[in-house]
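Worksheet for the structure shown next.
Numbering (the UniProt record's numbering), first residue to last: 1 to 175.
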């Protein structure tokens, strides 16, 4: 396999780190929806964990985008033009959603009126409570989460198709 057909180590590392964090974040986000509001602080604790991981993912996707733009492109798989366009579009949408999710969550939190903590460290308040913006951003966050879940499922299905049906060595590209 030629060098331009393989991803570099940092790209592979970022891919798998973000995949693990995204799956954990999605599971945590879905689980948190069932936490009761109350005075125990359990809900607040887990929301702060979720927000911290979300901000970390936001920083990682910016790093990943910058690295993807700086490094040489990896050769696309040899496949029909419509499949290349679909793959390219799906990857661009994945990146867009990985940006929208932390941004909508962060700014939704900014406008909630509650303090934002990054792994326990309180961040400065940058805006006051704004209920309409909070509601809009919460809706964007939820719709984006659903879209991201569906797109991840499509990504995994496409991998399985290429790896198991077409017998293409995708995992070799990620070593």
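For glycine and all other residues, C-beta sits at the position ideal for the given N, C-alpha and C.
When DSSP reads this structure, residue 121 sits in a beta bridge with 118. Cβ-Cβ distances below 7 angstroms link residue 130 to 111 in the same chain, with the five nearest sequence neighbours on each side left out; the list follows chain order. Beta-carbon to beta-carbon, residue 73 and residue 14 are separated by about 16 angstroms, too far to satisfy the 8 angstroms threshold. Going by beta carbons, residue 89 and residue 141 fall outside the 7 angstroms limit. In terms of CA proximity to residue 122, 109 leads the group 158, 100, 76, 109. About 11 angstroms separates the CB atoms of residue 144 and residue 93; that is not less than 8 angstroms, and the two are not in contact. The Cβ atoms of residue 102 and residue 150 lie no closer than 7 angstroms to each other. DSSP places residue 104 in the uninterrupted alpha helix (DSSP H) bounded by 81-110.
Separation of the CB atoms of residue 29 and residue 50 is rounded to 6 angstroms, and the pair is thereby assigned contact status at 8 angstroms. Pairing residue 159 with residue 52 gives a Cβ-Cβ distance that is not under 7 angstroms.
When the beta-carbon positions are compared, residue 173 and residue 7 come within less than 7 angstroms of each other. If you draw a straight line from the Cα of residue 67 to the Cα of residue 61, it is about 10 angstroms long. The beta carbons of residue 32 and residue 46 sit about 5 angstroms from each other, so the pair counts as a contact at 8 angstroms.
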